[in-house]
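Student:
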Amino acid sequence: MSSDIKRIAVLTSGGDAPGMNAAVRAVVRTASSLDLHVYGIRRGYEGMIEGDIHRMEKRDVGNIIHRGGTILKTARSERFKTAEGRKAAYESLLAHDIDAVVVIGGNGTFTGALKFEKEFDIPMVGVPGTIDNDLFGTDYTIGFDTSVNTAVEAMDRIRDTADSHNRLFFVEVMGRNSGFIALNTAIGSGAESVLIPEVDTSIDHLVDLLHKSAKRNKLFSLVVVAEGHKAGGAAAIAEKVRPQLEMFDIKVTIIGHLQRGGAPSSSDRVLASRLGHSAVLALMDGKKNLMVGIKNHNISFTPFAKAIKNEKLINEGLLRMAETLAI
Ligand code: F6P
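Numbering (this note's numbering), first residue to last: 34 to 360.
1) How many angstroms separate the CA atom of P276 from the CA atom of L346?
2) How long is the line joining the alpha carbons of F177 and F213, rounded to whole angstroms?
3) Taking the beta strand (DSSP E) that D282 belongs to, which residues open and close that run?
4) Skipping 5 residues on each side, what residues in its chain have a beta carbon closer than 6 Å to that of L281?
5) Return the Cβ separation of N217 and V181 in integer angstroms, given the expectation that the two are a contact with Cβ distance under 8 Å.
6) Would you check if there are 3 or more beta carbon pairs closer than 8 Å linking the stretch 186 to 203 to the stretch 106 to 122?
7) Measure from the C-beta of N343 to each C-beta in chain D and report whether the shortest distance is under 7 Å.
8) I want to check one thing, is the minimum distance from the CB of R293 to the heavy atoms of the ligand F6P below 6 Å?
9) Where do the N-terminal and C-terminal ends of the beta strand (DSSP E) with R200 fall, by residue?
10) Okay, do the stretch 46 to 56 and the stretch 136 to 143 touch, 3+ Cβ pairs below 8 Å being the bar?
11) Measure the alpha-carbon distance for F96 versus A146 and round it to whole angstroms.
12) Do the stretch 121 to 131 and the stretch 74 to 91 meet, that is, are 3 or more Cβ pairs less than 8 Å apart?
13) Among V60, A50 and G52, which residue has its Cα nearest to the Cα of M317?
The structure is reproduced here in structure tokens:
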């Protein structure tokens, strides 16, 4: 593998996701094994703009594979959205003689990388790190599996109370504008119903479903609501249905940021290791301007433009299955 790349940098950007540390570890150790010099950029694009760039050795990423969050810290940079911000970032990279960058993050991170690449000649390769799993070109993103596991564990606990008190719970999970976390959480926890942004489930349908379960003497129920649902979050939906569901004692729980932290699952650690490793190999192979993903268990590459613009479709069959199994 011959390449002009001698110094490589890595950053994490956007919302933190469990497994980001495993990806950083994979990047640093793969690059070190190829005798590259590796640099960590702190606080994502903010650190790139400010020159918060530090040499990282193999041992600097010891004892992090099991840790949530990101040792490099992260940020959602407004300044990188401006031409001046990106120019300052480029100058910081030049000052450190950086030849290429691995960016670990989600939609906003790759949108920034795409703009940067059009303006400057430093290759970037992306690693999908977001709990939302909303990136086209990869079956899974780093952090999604852990996040769903956390939400399912929370649902199991809520189920105990729902059952003991005969209550109807609306539980809100994250996911921004996508319903992958909500759908998987609902299936994994055996929820009665799930409301996601991608599918227009009417409130009437939900009320009808819950009436039917009340008639079957099912006096407690769990409904998962994706935060991005068009009818509003769990609290808004609970208020809408309350007058028609007087037989239920209705409660609302918002899982929120609880599902973003914590130790990464084994699946996320393996995924992050594979993607981080492949990102460095891809750069050394002359690839740039793309995201490394996983499709049918194999490494795949998708241009940034497609990864952020194309819609990753939800499997509607799974949605119907969730309702069937909840009877
Ligand atoms: O993208 C990850 C995510 O956790 C989304 O699910 C959520 O909508 C958003 O980030 C919350 O962002 P912040 O922590 O910046 O409020």
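Note that CB positions come from ideal geometry on N, CA and C, so glycine has one too. Since the structure is predicted, the reported quantities are computational estimates derived from the model, not experimental observations.
Tutor: If we stick to the structure as given:
1) If you number the sequence shown from 1, residue 276 lands on position 243. If you number the sequence shown from 1, residue 346 lands on position 313. P276 and L346 have their C-alpha atoms some 34 Å from each other.
2) Here the question's residue 177 lines up with position 144 in the sequence shown. Here the question's residue 213 lines up with position 180 in the sequence shown. A straight-line Cα-Cα distance of about 9 Å links F177 and F213.
3) Stepping through the sequence shown from its first residue, residue 282 is reached at position 249. Element bounds for D282: D282 to I287.
4) If you number the sequence shown from 1, residue 281 lands on position 248. As written in the sequence, residue 281 is Phe, which differs from the Leu given in the question. Around F281: L201.
5) Here the question's residue 217 lines up with position 184 in the sequence shown. Here the question's residue 181 lines up with position 148 in the sequence shown. Contact between N217 and V181 holds, with the beta-carbon distance rounding to 5 Å and staying under 8 Å.
6) At 8 Å Cβ cutoff, the stretches do not touch.
7) The structure shown contains no chain D; it holds only a single protein chain.
8) Looking up residue 293 in the sequence shown gives position 260. R293: yes, Cβ under 6 Å from the ligand F6P.
9) Looking up residue 200 in the sequence shown gives position 167. Run containing R200: R200 to V206, per the beta strand (DSSP E) assignment.
10) Segments in contact, yes.
11) Counting from one through the sequence shown, the residue named residue 96 turns up at place 63. Counting from one through the sequence shown, the residue named residue 146 turns up at place 113. In the sequence as displayed, the identity of residue 96 is Asn instead of Phe. Computed Cα separation, rounded: 29 Å.
12) Yes, they touch.
13) Within the sequence shown, numbered from 1, the residue matching residue 317 stands at position 284. When V60, A50 and G52 are compared, the shortest CA-CA separation from M317 is found for V60.
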